[in-house]
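Quick note on numbering: the sequence shown equals residues 1 to 202 in full-length UniProt numbering. The beta-carbon is built from N, C-alpha and C at its ideal position, and this holds for glycine as well.
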Amino acid sequence: MAFIRYLLLLSVIVSSSVSARTLLVLGDSLSAAYGIRPEQGWVALLETRLQQGYTDIDVVNASISGETTQGGITRLPALIERHQPDWIVLELAANDGLRGMPLALIQRNITQLIELSEQASATPLLVGIRLPPNYGVSYTERFYSLFETLADEYEVSRVPFLLEGVALQQSLMQADGLHPNAKAQAVLLDNVWPYLQPLLGD
Numbered sequence: 001m002a003f004i005r006y007l008l009l010l011s012v013i014v015s016s017s018v019s020a021r022t023l024l025v026l027g028d029s030l031s032a033a034y035g036i037r038p039e040q041g042w043v044a045l046l047e048t049r050l051q052q053g054y055t056d057i058d059v060v061n062a063s064i065s066g067e068t069t070q071g072g073i074t075r076l077p078a079l080i081e082r083h084q085p086d087w088i089v090l091e092l093a094a095n096d097g098l099r100g101m102p103l104a105l106i107q108r109n110i111t112q113l114i115e116l117s118e119q120a121s122a123t124p125l126l127v128g129i130r131l132p133p134n135y136g137v138s139y140t141e142r143f144y145s146l147f148e149t150l151a152d153e154y155e156v157s158r159v160p161f162l163l164e165g166v167a168l169q170q171s172l173m174q175a176d177g178l179h180p181n182a183k184a185q186a187v188l189l190d191n192v193w194p195y196l197q198p199l200l201g202d
């Protein structure tokens, strides 16, 4: 009996070590469920969706409200070491843009985030964002194009615009006009899912 229990325990350990996979979300308030309950956020909804066909994937939400690309660079190495992620969703740069940071600096920072992910053998998913029009056409369009440029250069998948179908819908936005409300979170997940799912494999 003792030998049988040993074999069962060994089977569980081997199975866990082989099947456990981790998806890390590195984002800002848009992924940190700002202004709503954490379980209402799109990342929490993603965890629920993964239970329908990807039960071996654990989701780690390392998003922080107010986070910038530089903050992400600072935190990512430790997150990688701790969680050993297989995929990293990079949802950063909105706060950089809202602060009017130089586009060249934002591009360098996103580049470093992609490279840190790939050096850790994690597959990155780049999440694009648009800025409000009051920042000027030139800056906002060049900011938005950074995501496509880097996705093409590094041949990584890209969500074109996280807030597609949400940003201009007052009923889906919080009073500040910047953050989606609870009703919008399912839309955000649907914007991400078509680009994330192919990366997950079977």
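7 Å Cβ cutoff met for residue i and residue j
i: Val166; j: Leu125; result: no
i: Val159; j: Gly201; result: no
i: Ala182; j: Gln70; result: no
i: Leu146; j: Gln107; result: yes
i: Arg21; j: Ile80; result: no
i: Pro85; j: Leu26; result: no
i: Gly97; j: Leu131; result: yes
i: Leu50; j: Thr123; result: no
i: Gln174; j: Gly53; result: no
Anticipated Cβ contact below 8 Å, residue i with residue j, distance rounded
i: Ile64; j: Asp28; result: 7 Å
i: Arg75; j: Ala93; result: That belief does not hold up - the Cβ atoms of Arg75 and Ala93 are roughly 15 Å apart, past 8 Å.
i: Asn67; j: Asn95; result: First, the amino acid is wrong: residue 67 is Glu here, not Asn. Glu67 to Asn95, Cβ: 7 Å. Contact.
Host beta strand (DSSP E) of residue i (start-end)
i: Pro198; result: Where Pro198 is concerned, there is no enclosing beta strand (DSSP E), although the alpha helix (DSSP H) it sits in stretches over Gln185 to Leu200.
i: Leu90; result: Trp87 to Glu91
i: Val43; result: From DSSP, Val43 is part of no beta strand (DSSP E) but of the alpha helix (DSSP H) over Trp42 to Leu50.
Best match in the options for proximity to residue i [C-alpha to C-alpha]
i: Leu103; options: Phe143, Thr123, Val137 and Arg130; result: Phe143
i: Glu91; options: Gln84, Val43 and Thr55; result: Val43
i: Gln169; options: Gly35, Gln185, Leu98 and Gly97; result: Gln185
i: Trp193; options: Leu45, Gly35 and Glu39; result: Leu45
i: Ala78; options: Ala120, Gln197, Gly136 and Ala20; result: Ala120
i: Phe161; options: Asp176, Asp190, Arg37 and Gln52; result: Asp190
i: Ser31; options: Pro198, Leu178, Gln197 and Met101; result: Leu178
i: Tyr135; options: Leu163, Met101 and Ser117; result: Met101
i: Asp152; options: Pro133, Ile114, Val187 and Leu163; result: Ile114
i: Ala33; options: Leu196, Leu188 and Tyr195; result: Leu188
i: Leu196; options: Ser157, Glu118 and Ser171; result: Ser157
Enclosing alpha helix (DSSP H) for residue i [first to last residue]
i: Asn134; result: Unbroken run through Asn134: none, as it is neither H nor E.
i: Asp96; result: Ala94 to Leu98
i: Asn181; result: No alpha helix (DSSP H) contains Asn181, which DSSP labels as neither H nor E.
i: Ser117; result: Leu103 to Gln119
i: Ile73; result: Thr69 to His83
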